[in-house]
Amino acid sequence: MRIAIIGAGIIGVNAALALRVQGAEVTLYDREGVAAGASRGNAGIFADYAVLPEARPGLRREVPRMLLDRNGPLSIRLRHLPKLLPWLRDFIREGQPDRVERSTTALSALMKWVRPDWDRVLREAGCEDLRVSRGTLHVYRSPRAMHDALPDWQVMGAHGVRFEPVMGQALRDLEPALSRDFQAGVLMPDLSHALDPLGLTERLAAHARARGCEFRQAEVSAISSTETGVCLHFPGAGTRAFDRAVIACGARSDALTRPLGLPVPLESERGYNVTLPAAGVTLNRPVCLPERGFYMTPMSVGLRIGGRVELGGLIAPPRWSRADVMLRHARNALPGLDPKGAKRWMGHRPSLPDTLPAIGPLPGQERIFAAFGHGHLGLTLAATTGRILAEMIYEIPPEIDPTPCLPARFA
1 MRIAIIGAGI IGVNAALALR VQGAEVTLYD REGVAAGASR GNAGIFADYA VLPEARPGLR
61 REVPRMLLDR NGPLSIRLRH LPKLLPWLRD FIREGQPDRV ERSTTALSAL MKWVRPDWDR
121 VLREAGCEDL RVSRGTLHVY RSPRAMHDAL PDWQVMGAHG VRFEPVMGQA LRDLEPALSR
181 DFQAGVLMPD LSHALDPLGL TERLAAHARA RGCEFRQAEV SAISSTETGV CLHFPGAGTR
241 AFDRAVIACG ARSDALTRPL GLPVPLESER GYNVTLPAAG VTLNRPVCLP ERGFYMTPMS
301 VGLRIGGRVE LGGLIAPPRW SRADVMLRHA RNALPGLDPK GAKRWMGHRP SLPDTLPAIG
361 PLPGQERIFA AFGHGHLGLT LAATTGRILA EMIYEIPPEI DPTPCLPARF A
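Using the working numbering, you'd call the opening residue of the sequence shown number 1 and step up by one each time.
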């Protein structure tokens, strides 16, 4: 079977590997090349604890603050608001308790496969050295702040996430570089992180090439169905025929689904980071400041400070003050942090209102498959997404019920 994958980020590359195992002849297309988007600059966390959706009860009351606080953990660009309103309406609706529970159940089912799926992919590709398992630590300035977050931790615990509260000196023993302003924390000892997200995607792509997958730097402008398969259309009127196609081009995926009759509510969650190649301080594991909305992750490329959400679309230039604010908070959290050589980055997380990715055939287009909308969980769910796609396309009995992720939910 000849299969085209549009998008060569961490999702597309994992899809290629999984399909190649089944014997597919795979060609990946990306207008910018391997890992040119969000796969390049993410925080590197394999976040299989993230069973809670982004939308939560009471979200409607937060919208004015999101509009006014341009550098807060979650902000909305005022000029983007008219275009954002339909997505924002759906996002607020997904914060209703019954919908939160439904999304949590679906996310939990996916997360149970993250570690075994990544274990297999990394072992087969010889990339195990790019993942380390030292746990992650969420830190709070007071026991009260940690207590306020306890309901979320209890939900995660009910879904199998192992965590341990740590206080005072025990917290400082785990991370001596942290400011003494932090009095409480929660350790998730089982979590792992990537030492170099870009390097990981590039090495997996090299493994895919060695296995026979073809990579082409080219823009796909449209996809159409034919009597026997699909046809990819390129700028300048060129075409190429395949048996199946997978849309995995992140926040721009809806440009390909909309002409096919599926106007997916896809939005860019613009994420920012700052990487310090010589930070001057040492963290033993990723540390999250949940009250500030970002992670500090030790990587082979330096200390990466990244996260937060800006809803501002695909076109507006970066608002670098958001990265600068994170760096300022990080310097307060890590006395002695050296900001020299800081490299700023902004990328587009492809986000759907219910926090669930779109994986599966498009309605009425059974030969064209979606693999996008992973939001903050692209790295986390990439290997599992590849396996689900391979099971669908080759009609293998699934180990995971894909129903909650099917694109048909938007039809």
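Beta carbons are placed, not taken as given, at the ideal position from N, Cα and C, and that holds for glycine. Because the structure is a prediction, the values reported are computed rather than measured.
*Whole angstroms is fine: what's the gap from L19's alpha carbon to R349's?*
Here residue 19 refers to the residue found at position 19 when the sequence shown is read from its first residue. Here residue 349 refers to the residue found at position 349 when the sequence shown is read from its first residue. Taking the straight line from one Cα to the other gives about 24 Å.
*Could you work out which residue in H80, G360, R65, G312 is closest to A248 when comparing CA atoms only?*
Numbered from its first residue, the sequence shown carries residue 248 at position 248. Here the closest residue by C-alpha is G360.
*Does DSSP put T297 in a helix, in a strand, or in coil?*
Counted from its first residue, the sequence shown places residue 297 at position 297. Three-state DSSP puts T297 in a strand.
_Alpha-carbon to alpha-carbon, E164 and D196_ = Here residue 196 corresponds to residue number 196 of the sequence shown, with the count starting at 1. Here residue 164 corresponds to residue number 164 of the sequence shown, with the count starting at 1. About 27 Å.
*asked:* Here's a check: name, in chain order, each residue in its chain whose Cβ is nearer than 6 Å to the Cβ of W118, leaving out the five neighbours to either side.
replied: What you label residue 118 is simply residue 118 of the sequence shown in a count that begins at 1. Same-chain partners within the cutoff: A383.
*Between the beta-carbon of A125 and the beta-carbon of V281, is there less than 9 Å?*
For this step, residue 125 is matched to residue 125 along the sequence shown. For this step, residue 281 is matched to residue 281 along the sequence shown. Cβ atoms of A125 and V281: not closer than 9 Å.
*What residues in its chain sit with their C-beta under 6 Å from that of M1, if we drop five residues either side in the sequence?*
Residue mapping note: residue 1 aligns to position 1 of the sequence shown, counting from 1. Within the same chain, M1 has close Cβ partners A24, D243.
*Where C231 sits in the DSSP three-state scheme*: Position 231 of the sequence shown, counting from 1, holds the residue named residue 231. C231 falls in the strand class under three-state DSSP.
*asked:* Comparing C-alpha positions only, which one of H147, H329, G336, D354 sits nearest to A55?
replied: Sequence index remark: in the sequence shown, residue 55 carries index 55 (1-based). The shortest C-alpha separation from A55 is found at D354.
*Nearest to A251 by alpha carbon, out of E399, P235, G271, G236?*
Position 251 of the sequence shown, counted from the first residue, corresponds to residue 251. Answer by Cα proximity: G271.
*Going straight from the alpha carbon of P290 to that of P53, what length do you get?*
Taking the first residue of the sequence shown as 1, we reach residue 290 at position 290. Taking the first residue of the sequence shown as 1, we reach residue 53 at position 53. Going by the C-alpha atoms only, they are around 15 Å apart.
*Compute the Euclidean distance between the alpha carbons of L262 and I396, then round it to the nearest angstrom.*
Looking up residue 262 in the sequence shown gives position 262. Looking up residue 396 in the sequence shown gives position 396. When rounded, the distance between both Cα atoms is 26 Å.
*Taking C-alpha atoms, which residue in D90, G157, D148, I305 lies nearest to R60?*
In the sequence shown, the residue the question calls residue 60 occupies position 60. Here the closest residue by C-alpha is D90.
_If you measure between the beta carbons of A330 and F294, is that distance less than 9 Å?_
Along the sequence shown, read from residue 1 onward, the residue named residue 330 stands at position 330. Along the sequence shown, read from residue 1 onward, the residue named residue 294 stands at position 294. For A330 and F294, yes; Cβs fall inside 9 Å.
*Could you check where the alpha helix (DSSP H) with M326 kicks off and where it finishes?*
As a position in the sequence shown, residue 326 is number 326, starting the count at 1. Unbroken alpha helix (DSSP H) run through M326: 321-333.
*Is it the case that the Cβ atoms of T275 and N14 are separated by a distance below 9 Å?*
Working through the sequence shown from its first residue, we reach residue 275 at position 275. Working through the sequence shown from its first residue, we reach residue 14 at position 14. No, the Cβ-Cβ distance between T275 and N14 is not below 9 Å.
*Which word fits H193, buried or exposed, when buried means at least 16 other C-beta atoms lie within 10 angstroms of its C-beta?*
Taking the first residue of the sequence shown as 1, we reach residue 193 at position 193. Result: buried.
_Under 9 Å between C-beta atoms of F182 and R144_ = For this step, residue 182 is matched to residue 182 along the sequence shown. For this step, residue 144 is matched to residue 144 along the sequence shown. In this structure, R144 does not lie closer than 9 Å to F182 by Cβ.
*How is P350 classed by DSSP in three states: helix, strand or coil?*
Taking the sequence shown and counting its residues from 1, the one referred to as residue 350 is at position 350. Strand.
_Let's test the definition: count the other Cβ atoms within 10 Å of the Cβ of N273 and tell me whether it reaches 16, buried, or not, exposed._
If you number the sequence shown from 1, residue 273 lands on position 273. Buried, because 16 or more other Cβ atoms sit within 10 Å of the Cβ of N273.
_Applying the 10 Å Cβ sphere with the 16-neighbour rule, what's the burial state of M167?_
In the sequence shown, residue 167 corresponds to position 167, counting from 1. Label assigned to M167: exposed.
*asked:* Just to confirm before moving on: does the CB-CB distance between S108 and H159 stay below 9 Å?
replied: In the sequence shown, residue 108 corresponds to position 108, counting from 1. In the sequence shown, residue 159 corresponds to position 159, counting from 1. It is a contact, given that the beta carbons lie within the stated cut-off.
*In angstroms with no decimal places, state the Cα-to-Cα distance between M188 and A170.*
Taking the first residue of the sequence shown as position 1, residue 188 is located at position 188. Taking the first residue of the sequence shown as position 1, residue 170 is located at position 170. Those two C-alpha atoms are separated by around 14 Å.
*Does the distance from the C-beta atom of N42 to that of G306 stay below 9 Å?*
By 1-based counting over the sequence shown, the position of residue 42 is 42. By 1-based counting over the sequence shown, the position of residue 306 is 306. Yes; because the gap between Cβ atoms is below 9 Å, this pair is in contact.
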